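Student:
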Amino acid sequence: MSGHSKWATTKHKKAAIDAKRGKLFARLVKNIEVAARTGGADPAGNPTLYDAIQKAKRQSVPADNIDRAVKRGSGEETGGANWETVMYEGYGPAGVAFLVECLTDNRNRAASAVRVGFTRNGGNLADPGSVSYLFNRKGVIEVPKSEGLTEDDLLMAVLDAGAEEVVSEGDTFRIISEPQDLVPMREALQKEGIEYDSAESSFVPTTLVDLDLEGVKKVMRMVDALEDSDDVQNIYTNFTASDEVRKQLQEEDA
1 MSGHSKWATT KHKKAAIDAK RGKLFARLVK NIEVAARTGG ADPAGNPTLY DAIQKAKRQS
61 VPADNIDRAV KRGSGEETGG ANWETVMYEG YGPAGVAFLV ECLTDNRNRA ASAVRVGFTR
121 NGGNLADPGS VSYLFNRKGV IEVPKSEGLT EDDLLMAVLD AGAEEVVSEG DTFRIISEPQ
181 DLVPMREALQ KEGIEYDSAE SSFVPTTLVD LDLEGVKKVM RMVDALEDSD DVQNIYTNFT
241 ASDEVRKQLQ EEDA
């Protein structure tokens, strides 16, 4: 769901969104429920819940689904599951690093699904800590590109709020910061009237693995397999590819 040679995963998500819409909605609703449980049902006092709700709305999750998720998380309505976060680490094709974040009510089921996703697609699970050191926890805001909006515009809007850098990737700008600076950066964008698609804590790789066309295809097949599990919430990788490979992928999808 979230990748960090971001152009590849963003492209992949958009191509597959219709087929996986139900799974996407379920993941977004699960995020809302957990945020409400851990921080309370009032978005004004719970930034994580606010951002989870905004992200769900931007993906057209029905308002009733959002409202019920908040109520389940806060205990106002019964039926909420005992979700827990579990992180799995491993390597995929061509030595690409994977962090697979699960939000599950059954650890054994989640572990089995992730293991199958790795072993059937040329990957291997690794011990805790053996992959995660290749990533840093960061705040990431995704802003869709629009006419007249430049990297300099964004940087000026959020620099005083804690932004570290603005990266142009495909049809999206990504603003990187420390996780604790997400709220002031979001508020800075809102003050300037700049729309954003998502604002969340994420894992950003410190080094990238450059892949050719076949390598990218193999990695994305593994991403597909892992995302088939309802327990998998986010997938973080450290691969990238050249503009030429990007163009080839776009031509094949046309």
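Those letters in the sequence shown? Residues 1 to 254, per the UniProt record's numbering, in order. C-beta: ideal position from N, C-alpha, C; glycine also. Note that this is a predicted model, so its numbers are computed, not measured.
#1: Using alpha carbons as the reference points, say which of Q248, T237, A241 lies closest to F98.
#2: Measure the C-alpha to C-alpha separation of V70 and G79 and round it to an integer number of angstroms.
#3: Count the CB pairs spanning the stretch 170-180 and the stretch 112-132 that are closer than 8 Å, and state whether there are at least three.
#4: DSSP has R137 in a bridge; who is on the other side?
#5: Can you pull the DSSP bridge partners for N124?
#6: Mapping DSSP to helix, strand and coil, what is L149?
#7: The alpha helix (DSSP H) with E33 in it runs from where to where?
#8: Looking only at C-alpha atoms, which of V245, G193, Q180, P184 sits nearest to D153?
#9: Taking R21 as the reference, give the member of E244, D67, E227 with the closest Cα.
#10: Within a Cβ cutoff of 6 Å, which residues of the same chain sit near E84, ignoring the five residues on either side of it in sequence?
#11: Just the Cα atoms here: how many angstroms apart are V61 and A26?
#12: So the candidates are D253, T38, V143; which of them puts its Cα closest to the Cα of V167?
#13: With a threshold of 8 Å, are at least 3 pairs of Cβ atoms found where one atom belongs to the stretch 87-96 and the other to the stretch 47-61?
#14: May I ask you to report which of helix, strand or coil DSSP gives L208?
#15: Give me the DSSP bridge partner(s) of V166.
#16: From G170 to L24, what does the alpha carbon distance come to, in whole angstroms?
#17: Is it buried or exposed, K191, if we count other Cβ atoms within 10 angstroms and call 16 or more buried?
#18: In whole angstroms, what is the alpha-carbon distance linking M156 and F135?
Tutor: Concretely, from the data shown:
#1: Here residue 98 refers to the residue found at position 98 of the sequence shown. Of Q248, T237, A241, the residue nearest in Cα terms is T237.
#2: The residue labelled residue 70 in the question sits at position 70 within the sequence shown. The residue labelled residue 79 in the question sits at position 79 within the sequence shown. One C-alpha to the other measures close to 12 Å.
#3: no
#4: Position 137 of the sequence shown, counted from the first residue, corresponds to residue 137. DSSP lists F203 as partners of R137.
#5: Within the sequence shown, the letter at position 124 stands for residue 124. For N124, which the question treats as bridged, DSSP gives the partners Y91.
#6: Residue numbering aside, residue 149 sits at position 149 when the sequence shown is read from its first letter. Here L149 sits in coil by DSSP.
#7: Position 33 of the sequence shown, counted from the start, is the residue given in the question as residue 33. Taken as a continuous stretch (DSSP letters only), the alpha helix (DSSP H) holding E33 covers 21-39.
#8: Working through the sequence shown from its first residue, we reach residue 153 at position 153. Ranking V245, G193, Q180, P184 by Cα distance to D153 puts G193 first.
#9: For the purposes of this step, residue 21 is identified with residue 21 of the sequence shown, where counting begins at 1. That would be E227, whose Cα lies nearest to the Cα of R21.
#10: Working through the sequence shown from its first residue, we reach residue 84 at position 84. So the list is empty, once near-sequence residues are dropped.
#11: Residue 61 sits at position 61 when you count from the first residue of the sequence shown. Residue 26 sits at position 26 when you count from the first residue of the sequence shown. Computed Cα separation, rounded: 9 Å.
#12: Counting from 1 along the sequence shown, the entry for residue 167 is found at position 167. Checking every option, the nearest Cα to that of V167 belongs to V143.
#13: no
#14: Against the sequence shown, residue 208 aligns to sequence position 208. Coil, per DSSP.
#15: Along the sequence shown, one-based indexing puts residue 166 at 166. Its beta-bridge partners are I175.
#16: To locate residue 170, count along the sequence shown from 1; it is residue 170. To locate residue 24, count along the sequence shown from 1; it is residue 24. C-alpha separation (whole angstroms): 21 Å.
#17: Taking the first residue of the sequence shown as 1, we reach residue 191 at position 191. Exposed.
#18: Counting from 1 along the sequence shown, the entry for residue 156 is found at position 156. Counting from 1 along the sequence shown, the entry for residue 135 is found at position 135. If you take the alpha carbons of M156 and F135, they lie about 27 Å apart.
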